[in-house]
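Please read the structure below before turning to the comments.
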Amino acid sequence: MTFQSQGAFQSPSQRAQATAHLAQTMTLLGLNSLELIQKVEAAISENPALELVEGRHCPNCGRSLQAEAVCPTCAYKAKAGNSDEPIVFLNPPEDNYAPRSSGAQELSDDIPTADIQDLPAYVLQQIASELEADELEIAAHLLTSLNEDGLLTTTLPEVARFYHRPVSDIEAVADLIRHADPLGVGASSPQEALLIQLESLQERAPDAELCARAIEEGMGLLSKHQYGELGNLLGVSRLVAKEIAEFIVNNLSPYPARAHWGNVRNVTAEAPATYQRPDIIVREQEENGKIRLVVEVMWPIRGLLRINPLFQEALQEAPKDKAEQWKIDLEQATLLIKCLAQRNHTIVRLMQVLAVLQKQFIVKGDAHMKPITRSSLADELGVHESTVSRAVAGKSVQLPSGKIVPLAQFFDRSLHIRTALKKIVGNEKKPLSDTKLAKQLAEQGYEIARRTVAKYRNMEGILPAHMRKALAS
DNA sequence: CTATGGCACGGATT
DNA sequence: AATCCGTGCCATAG
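In this note's numbering, the protein residues as written are 13 to 485.
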């Protein structure tokens, strides 16, 4: 923030603008790409001063790029740099994923689209026998309006109107679909999908009632792993909340299509599905023997967002009654664009440093996680720690392995120990008690209390020693 | 008596 | 200022 240093020189309106800038940058920073898309789309439709045109943003700094010109300030940076340094860039809009329902586009190489297209047929086949001819048509209609996540893109009343039939008829069909495999397809929201899946797992759930409430009321907290808050909301302890959240995350999938067709990888492994699409993608790239990381930060805007020059012209001869409002619009538009640029800049720089620090973790896996704190990263970047907090909050990263994890996990202080713990338990001959586990860990350099071993064990879903014994025999 | 889970405290982190 | 996390102490189960 270059402008705030000479506050004394600013006029009140400039000062007001500066604080507005700050405030908006902060909120934008805290948004993930999905939320940002919504925010920007809303701004475009509400603010006549903004326009979206063909064009690109500089993949490095996010600034507007006219035509095919290369950003003069930072183009060389993207090319140069030694091979140890990761390449970080904003991904070009045309590679970006479509916002929601507009045309199923391939989200990532890991998820085969061919299979997704088969999904409707697969489901229809299961339920066909239970349907009348006219219901079949409805089912087909519903199934073809699924998005790549397996969620419905239309609403039931809409379909009902289309066929001139009562909503309850449509509902009956939808219900069949939702209870077919994969469980929850055709739900109209992630929450609904989760609830349907929960229903069938009731006996296994620690507390079905609480799970349901967590899904209904605490979805946001759930995906952000804010167990404490979730606990408050549900009126239970943090630990119980965590247990609930973990059960949900481990056993249910908010995107039914993907649970089934997509990331089948390690469903049982830690942190399986995050509840968002990745905001950042990290890939590996071979470069004369060395592995170089390529970090792709999602840029939510398709095309170039800029001030509409026509609007600016019109402002000159604006009618008296409109002039004031138009001026405000223009200011806000400029502000938004500036703030967006700053948001990107911050995130790109953040990832640059983070990718270097956690390279081992990214490439080799959980065991090589370094415990980094947000504040240490903050002063490395020269920003306030709350800035880092905001930048990290609510965002998710797709690792080279294809796993999607919350960005916050890069700051997990105990993941490496937990991984070591899992390894010990995995190799143990006889079930070891927590005390013994603590000793083993100490030998590996991880000095933690026996009580803490128990907690980690819990976090990883490892049963206590005596129960493991029962299981072994 | 040993192994664990619950609760709560204090220091660190955000 | 609010929240998270590791730990110690105590109760309970086996």
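Backbone N, C-alpha and C fix where the C-beta goes; we use that ideal spot for every residue, glycine too.
Between Leu-102, Leu-62 and Arg-314, which has its C-alpha nearest Trp-338's C-alpha? Numbered from its first residue, the first sequence carries residue 338 at position 326. Checked all of Leu-102, Leu-62 and Arg-314; the closest Cα to Trp-338 is Leu-62.
Taking the C-alpha atoms as reference points, what is the distance between Val-400 and Gln-456? By one-based count along the first sequence, residue 400 stands at place 388. By one-based count along the first sequence, residue 456 stands at place 444. Looking at the two C-alpha atoms, the distance is approximately 32 Å.
So, at 6 Å on beta carbons, what are the nonlocal neighbours of Ala-420 in its own chain, with the 5 sequence-adjacent residues on each side left out? Counting from 1 along the first sequence, the entry for residue 420 is found at position 408. Val-404.
Quick check on this structure: which residue in Ala-226, Leu-427 and Pro-412 has the alpha carbon closest to the alpha carbon of Leu-245? In the first sequence, the residue the question calls residue 245 occupies position 233. Ranking the options by Cα distance to Leu-245, first place goes to Ala-226.
At the level of alpha carbons, what is the spacing between Ile-208 and Ala-257? The residue given as residue 208 occupies position 196 in the first sequence. The residue given as residue 257 occupies position 245 in the first sequence. Taking the straight line joining both Cα atoms gives about 16 Å.
Under the three-state DSSP convention, the category Lys-376 falls into: The sequence position of residue 376 within the first sequence is 364, counting from 1. Correct three-state label for Lys-376: helix.
Tell me the rounded alpha-carbon separation between Asn-300 and Pro-290. As a first step, residue 300 is located in the first sequence; it is residue number 288 there, counting from the start. As a first step, residue 290 is located in the first sequence; it is residue number 278 there, counting from the start. So the two alpha carbons sit approximately 29 Å from each other.
Give the list of continuous alpha helix (DSSP H) stretches no shorter than 4 residues that lie fully inside the region 145-230. 145-156, 168-175, 179-190, 202-212 and 220-229
With a Cβ-Cβ cutoff of 8 Å, do Val-197 and Pro-312 count as a contact? Within the first sequence, residue 197 is the residue found at index 185, counting from 1. Within the first sequence, residue 312 is the residue found at index 300, counting from 1. No, these two residues do not count as a Cβ contact at 8 Å.
Taking Cβ to Cβ, would you say Val-171 is nearer than 8 Å to Leu-154? What you label residue 171 is simply residue 159 of the first sequence in a count that begins at 1. What you label residue 154 is simply residue 142 of the first sequence in a count that begins at 1. Going by C-beta atoms, Val-171 is nearer than 8 Å to Leu-154.
Would you mind sorting Gly-243 into buried or exposed? The rule is 16 or more other CB atoms within 10 Å of its CB. Along the first sequence, one-based indexing puts residue 243 at 231. Buried.
Counting pairs of Cβ atoms below 8 Å between the region 375-382 and the region 336-351, do you hit three or more? no
Between the C-alpha atoms of Pro-194 and Gln-372, what's the straight-line distance to the nearest angstrom? Residue numbering aside, residue 194 sits at position 182 when the first sequence is read from its first letter. Residue numbering aside, residue 372 sits at position 360 when the first sequence is read from its first letter. Rounded to whole angstroms, Pro-194 to Gln-372 spans 36 Å at the Cα level.
Do Leu-65 and Leu-316 have their C-beta atoms within less than 8 Å of each other? Counted from its first residue, the first sequence places residue 65 at position 53. Counted from its first residue, the first sequence places residue 316 at position 304. Here residue 65 is Val; the residue named in the question, Leu, does not match the sequence. Yes, the pair counts as a contact, with Cβ atoms nearer than the cut-off.
So for Glu-255, helix, strand or coil by DSSP? Stepping through the first sequence from its first residue, residue 255 is reached at position 243. Three-state result, Glu-255: helix.
DSSP-derived helix/strand/coil call for Ser-25: For this step, residue 25 is matched to residue 13 along the first sequence. Residue state, collapsed to three classes: helix.
Buried or exposed: which applies to Phe-422, given that a residue is buried once 16 or more other Cβ atoms fall within 10 Å of its Cβ? Your numbering for residue 422 matches position 410 in the first sequence. It counts as buried.
Look at Ala-482 and Ser-445 and say whether their C-beta atoms are less than 8 Å apart. Numbered from its first residue, the first sequence carries residue 482 at position 470. Numbered from its first residue, the first sequence carries residue 445 at position 433. No, the Cβ-Cβ distance between Ala-482 and Ser-445 is not below 8 Å.
How should Asp-187 be labelled, buried or exposed, when 16 other C-beta atoms within 10 angstroms of its C-beta is the threshold for buried? Position 175 of the first sequence, counted from the start, is the residue given in the question as residue 187. Exposed, because fewer than 16 other Cβ atoms sit within 10 Å of the Cβ of Asp-187.
Using DSSP bridges, identify the partner residues of Val-248. Reading the first sequence from its first residue, position 236 is the one you call residue 248. DSSP, once it has assigned bridges, lists no residue as partnering Val-248.
Using 10 angstroms around the beta-carbon of Ser-408, count the other beta-carbons present and answer buried if the total reaches 16, otherwise exposed. Residue 408 sits at position 396 when you count from the first residue of the first sequence. Flag for Ser-408 reads buried.
Let me make sure I understand the geometry here. Which of Ser-25, Asn-320 and Leu-305 has the alpha-carbon closest to that of Ser-57? In the first sequence, residue 57 corresponds to position 45, counting from 1. Out of Ser-25, Asn-320 and Leu-305, Asn-320 has the C-alpha closest to the C-alpha of Ser-57.
Please list the terminal residues of the continuous alpha helix (DSSP H) segment that includes Ser-401. Numbered from 1 along the first sequence, position 389 holds the residue referred to as residue 401. Here the alpha helix (DSSP H) through Ser-401 covers 397-404.
Taking a contact to mean a Cβ-Cβ separation below 8 Å, would you say Leu-158 touches Pro-132 in this structure? The residue you call residue 158 lines up with position 146 of the first sequence. The residue you call residue 132 lines up with position 120 of the first sequence. Yes.
Per DSSP, what are the beta-bridge partners of Leu-136 in this structure? As a first step, residue 136 is located in the first sequence; it is residue number 124 there, counting from the start. For Leu-136, which the question treats as bridged, DSSP gives no partner whatsoever.
Taking the straight line between their C-alpha atoms, what separation do you get for Leu-213 and Val-248? Within the first sequence, the letter at position 201 stands for residue 213. Within the first sequence, the letter at position 236 stands for residue 248. Distance between the alpha carbons of Leu-213 and Val-248: 21 Å.
Looking at C-alpha atoms only, which residue of Met-381, Glu-440, Glu-329 and Glu-325 is the closest neighbour of Arg-425? As a first step, residue 425 is located in the first sequence; it is residue number 413 there, counting from the start. With distances taken between Cα atoms, Arg-425 lies closest to Met-381.
Can you list, in chain order, the residues of its chain whose CB lies under 6 Å from that of Met-231, leaving out five sequence neighbours each side? On the first sequence, position 219 is the one that residue 231 refers to. Gln-203, listed in sequence order.
Through-space distance from Ala-55 to Leu-43, alpha-carbon basis: By 1-based counting over the first sequence, the position of residue 43 is 31. By 1-based counting over the first sequence, the position of residue 55 is 43. Answer to the nearest angstrom: the Cα atoms are 15 Å apart.
Using the beta-carbon count (16 or more within 10 Å), is Asn-439 buried or exposed? As a position in the first sequence, residue 439 is number 427, starting the count at 1. The residue in question, Asn-439, is exposed, as its Cβ has fewer than 16 Cβ neighbours within 10 Å.
Taking C-beta to C-beta, are Val-365 and Leu-348 nearer than 8 Å? Walking along the first sequence from the start, residue 365 turns up at place 353. Walking along the first sequence from the start, residue 348 turns up at place 336. Against a cut-off of 8 Å, the Cβ pair of Leu-348 and Val-365 comes out as no contact.
Between the beta-carbon of Ile-189 and the beta-carbon of Ile-260, is there less than 8 Å? If you number the first sequence from 1, residue 189 lands on position 177. If you number the first sequence from 1, residue 260 lands on position 248. No.
Within its chain, find whatever has a CB closer than 7 Å to the CB of Thr-37; leave out the 5 residues flanking it on each side and keep chain order. Counting from one through the first sequence, the residue named residue 37 turns up at place 25. Contacts found: Cys-351, Gln-354 and Arg-355.
CA nearest to the CA of Phe-101, picked from Val-306, Ala-454, Ala-335 and Thr-431: Position 89 of the first sequence, counted from the start, is the residue given in the question as residue 101. Selected option, being the one with the closest Cα: Val-306.
If I measure Cβ to Cβ from Leu-264 and keep anything under 7 Å in the same chain, skipping five residues before and after, which residues do I get? By 1-based counting over the first sequence, the position of residue 264 is 252. Within the same chain, Leu-264 has close Cβ partners Leu-206, Gln-209 and Leu-210.
Please state the DSSP three-state secondary structure of Leu-102. Position 90 of the first sequence, counted from the start, is the residue given in the question as residue 102. Residue state, collapsed to three classes: strand.
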